[in-house]
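Participant:
Chains as they are written, first to last, in our numbering: chain A, 257 to 681; chain B, 257 to 681.
1) Cα separation between residue 483 of chain A and residue 680 of chain B?
2) Give a yes or no on contact between the region 370 to 377 of chain B and the region 543 to 553 of chain B, applying the rule of three or more CB pairs nearer than 8 Å.
3) When DSSP builds the beta bridges, which residues end up paired with residue 394 of chain B?
4) Among A:568, A:487, A:613, which one has its Cα closest to the Cα of residue 450 of chain B?
5) Exposed or buried, which one is residue 643 of chain A when buried takes at least 16 other CB atoms within 10 Å?
6) Taking all protein chains shown into account, do 16 or more other C-beta atoms lie within 10 angstroms of the C-beta of residue 268 of chain B, making it buried, or fewer, making it exposed?
7) Could you tell me how far apart the beta carbons of residue 576 of chain A and residue 540 of chain A are, in whole angstroms, since I believe they sit closer than 8 Å?
8) Does residue 644 of chain B get closer than 8 Å to chain A when you measure Cβ to Cβ?
9) Since residue 678 of chain B meets chain A, which of its residues come closer than 7 Å, beta carbon to beta carbon?
10) Indicate whether the contact test is met: 3 or more Cβ pairs, each with one atom in the region 561 to 569 of chain A and one in the region 342 to 349 of chain A, closer than 8 Å.
11) Here's the rule I'm using: 16 or more other beta-carbon atoms within 10 Å means buried, otherwise exposed. How should residue 518 of chain B be labelled?
12) Look at the alpha carbon of residue 406 of chain A and the alpha carbon of residue 389 of chain B, and state the distance between them as a whole number of angstroms.
13) Measuring CB atoms only, is the region 579 to 590 of chain A touching the region 520 to 536 of chain A, in the sense that at least three cross pairs come out at less than 8 Å?
14) Quick one: which residues of the region 439 to 468 of chain A get their C-beta closer than 8 Å to a C-beta of chain B? List them in chain order.
15) Please say whether residue 490 of chain A and residue 653 of chain A have beta carbons closer to each other than 8 Å?
16) For the region 459 to 471 of chain A against the region 446 to 465 of chain B, do three or more pairs of beta-carbon atoms, one drawn from each stretch, fall closer than 8 Å, so that the two count as touching?
17) Interface residues of chain A around residue 663 of chain B at Cβ under 7 Å?
18) Mind listing the chain B neighbours of residue 636 of chain A? Cutoff is C-beta to C-beta under 7 Å, in chain order.
19) On the criterion of 16 or more Cβ atoms from any shown chain inside 10 Å, does residue 574 of chain B qualify as buried, or is it exposed?
20) Quick one: list the residues of chain A neighbouring residue 347 of chain B, beta-carbon separation under 7 Å, in chain order.
21) In three-state DSSP terms, what is residue 628 of chain A?
22) Got a sec: is the Cβ-Cβ distance from residue 627 of chain A to anything in chain B below 8 Å?
23) Tell me, please, whether the CB atom of residue 421 of chain B is closer than 8 Å to any CB atom in chain A?
24) Rounded to whole angstroms, what is the Cα-Cα separation between residue 501 of chain B and residue 629 of chain B?
25) Which residues mark the beginning and the end of the beta strand (DSSP E) in which residue 435 of chain B is found?
26) Comparing C-alpha positions only, which one of B:385, B:391, B:435, B:454 sits nearest to residue 418 of chain B?
27) Which stretch, first to last residue, makes up the alpha helix (DSSP H) that contains residue 289 of chain B?
28) Would you say residue 656 of chain B reaches chain A, if we count a Cβ-Cβ gap shorter than 8 Å as a contact?
29) Please state whether DSSP places residue 324 of chain A in a helix, a strand or coil.
30) I'd like to know if residue 651 of chain A contacts chain B, where contact means its C-beta is closer than 8 Å to some C-beta of that chain.
31) Spell out whether any CB of chain A is found under 8 Å from the CB atom of residue 408 of chain B.
32) Mind checking who residue 572 of chain A pairs with in its DSSP beta bridge?
33) Under a three-way DSSP split, which group does residue 664 of chain B fall into?
34) Pick out whichever of A:492, A:624, A:556, A:633 has its Cα sitting closest to the Cα of residue 612 of chain A.
35) Below 8 Å between beta carbons: does that hold for residue 404 of chain B and residue 427 of chain B?
36) Could you tell me how far apart the beta carbons of residue 430 of chain A and residue 636 of chain A are, in whole angstroms, since I believe they sit closer than 8 Å?
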């Protein structure tokens, strides 16, 4: 006689998730706390630079210090994010613990003397190196070590920006161009969320960006309940954002290659880079493109926040930030690329909004996430970041801008260890 | 002399996107209009059933009509969504045009006589069969036909629920369990967005669901600015939602297998199914679990909308909807599974909210998207759907509920042609 097969519940999923939760807790607590300390120091170091503007002249010296720190104590840690991604792709020598303190100190050195850099690279490396340590402690096998490293990346990213969902999806999405694997979906979200909570528990708060524009929908064709003009502007802007990502990635790589080829003494590279930055500041008569760019030395400084207001950025602010950052990171200083990418995007969005008569705060917000989406090839993480940072009302525009930027940013990005899985065209 | 390689802009991306836009327009216009007509008829057919409640007694007869329609005119069209997914995985005989009118007529027959079914299957099949036709007209090669079929799915899904971003990501995510490929990222968004605009242009509006709960954050541990209790409830609820998806998928498949084995005359299967549904209605003394379930025959009917209110669902409403739908779709009636999954999820969310003293509208909204996420293995599309339908404020809870449901819904789902790419544990 035929007996219907009744469904059996597979309880292995519970033990699977519980195991990863147990592994996520120490990694997230450590990474969240370390990132909290990093953000706290970063704030103080930035205030220090605002107060003592002569610190800028120490930039070449800081570059030399960073160079020798990595030369003497760095081993393979200088590869940074790329090393972590390589270790996830093909586990090798592991991610060394020294990566965390080294990147913390060198990032602070970069910021206190005015290098134009970010913080996500630092946070991701802190998370990755702590995860690497945990993997060795718990004697995980290769496959589990890969997942734990992804969780470390997610934890660092989620904590540093206060965007846990984005952190988790970013860690899944960034490894390959054109494909996402769900193997570590929930473990990454656990790590990212716990790290974000830990970081907040230390009293760290994140900058609030607001898109106050309210779309009143005045359709061109009355029967179409849709703001066609705005959509068209967002598509065009998305293409510009993607080209900016492409330009930034290529310029950084080119500066790195070129200076390594032309300058025989490697410790001279950051010295030259530091001097170029100082000269650029004097030529421009502005220090607004130094440092993180979230806050400014003066109330009328051009910052990421000011880009959300009409008149809050000059026409070429995006380009100057791009140039300052490509020189800083291409010539041996440390930090992340993402916050400067936010700046370039928001400033370019501001400029495009002026030219196209589009709402400034919306365009700045779109640039903020879309230049990042193009440069790291993570269109979905950045769409989610839009929701986590600015609210969900314009999610469709976030997606249109990020997806378009993804297509226009070329077949590579800022992370050379990212693997091309599926051609964009 | 070394010359730096200056970046070259790859203009092929523009022609690539323009080509897909040209292909998206006819598919989206046709699919959007067809779906608009379908939604309009579905509304009228449902109102007809509310007015003439004796139509329920014709359910067995409608089942026989559906059986013979597919037997005489259906060819391979009865495989429905699974056929479209198979054709995307491995292009074979193509998706026949007859699929669109057949699924439209049989879905309306199912709904007018009170079968418990949805609409997304119908819309996706409409989109897929129109895309198949376009592919043959434009003589596309295999690879392009696959992308066009995905665009058809995205168009149908985006238009039927008014959620264009969800439609696009759903079409990318549903093909494999555990992996998403970005090959058709922007083409799918174009198709989905244009189809949604087309559908709206015909005057179709979508039901509005609101989560009005505002989290005031009363942390258990004062230094943790986070609502731990609520998060814990959401995790537990996510597991329940996933198990419900699993139970529904297994029950549908089991009913289909069992009835095909036990009932010799195939046309008798829907007759028996129809009679069971009628008997169940009399036993329960309620017709609330018939049809789509978005609106009700009486003001105090249990509907998806009422599930967002305290007292809007009975403790076992989710189970009855599950049973009604599994019988309807497992025994030969037509329509989608998704709207009934919304119902099950919202009703279960309502029940769980009562038991755990959690906010009813939030839990109903989470169930709405998470049971769907588990049954179709599309956790990211469903997280985005939460934002598109309910707003972005609780995106983290959407993700936690959907990701957890994804882990607890087993290694398959309602679509048997979905391929397991990466084990969940």
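Ideal placement from N, C-alpha and C gives every residue a C-beta, glycine not left out.
Keep in mind the model is a prediction, meaning the values are calculated, not measured.
Facilitator: Concretely, from the data shown:
1) The straight-line gap from Cα to Cα measures roughly 41 Å.
2) yes
3) The partner list for residue 394 of chain B (beta bridge, DSSP) is empty, contrary to what the question assumes.
4) A:487
5) buried
6) exposed
7) 7 Å
8) yes
9) Residues of chain A passing the Cβ test: 437, 438, 439.
10) no
11) exposed
12) 43 Å
13) yes
14) 439, 441, 442, 445, 449, 453, 456, 457
15) yes
16) Output reads no: the region 446 to 465 of chain B does not touch the region 459 to 471 of chain A.
17) 269, 273, 442
18) Listed along chain B are 636, each with a C-beta nearer than 7 Å to that of residue 636 of chain A.
19) buried
20) Here the premise fails: no neighbours, minimum Cβ distance about 18 Å.
21) helix
22) Cβ-Cβ to chain B under 8 Å: no for residue 627 of chain A.
23) yes
24) 8 Å
25) 435 to 437
26) B:454
27) 268 to 307
28) yes
29) helix
30) yes
31) no
32) BP columns for residue 572 of chain A are empty, so no partner.
33) Helix.
34) A:492
35) Judged by their CB atoms, residue 404 of chain B and residue 427 of chain B are not nearer to each other than the 8 Å cut-off.
36) Contact flag wrong, Cβ pair sits at about 11 Å.
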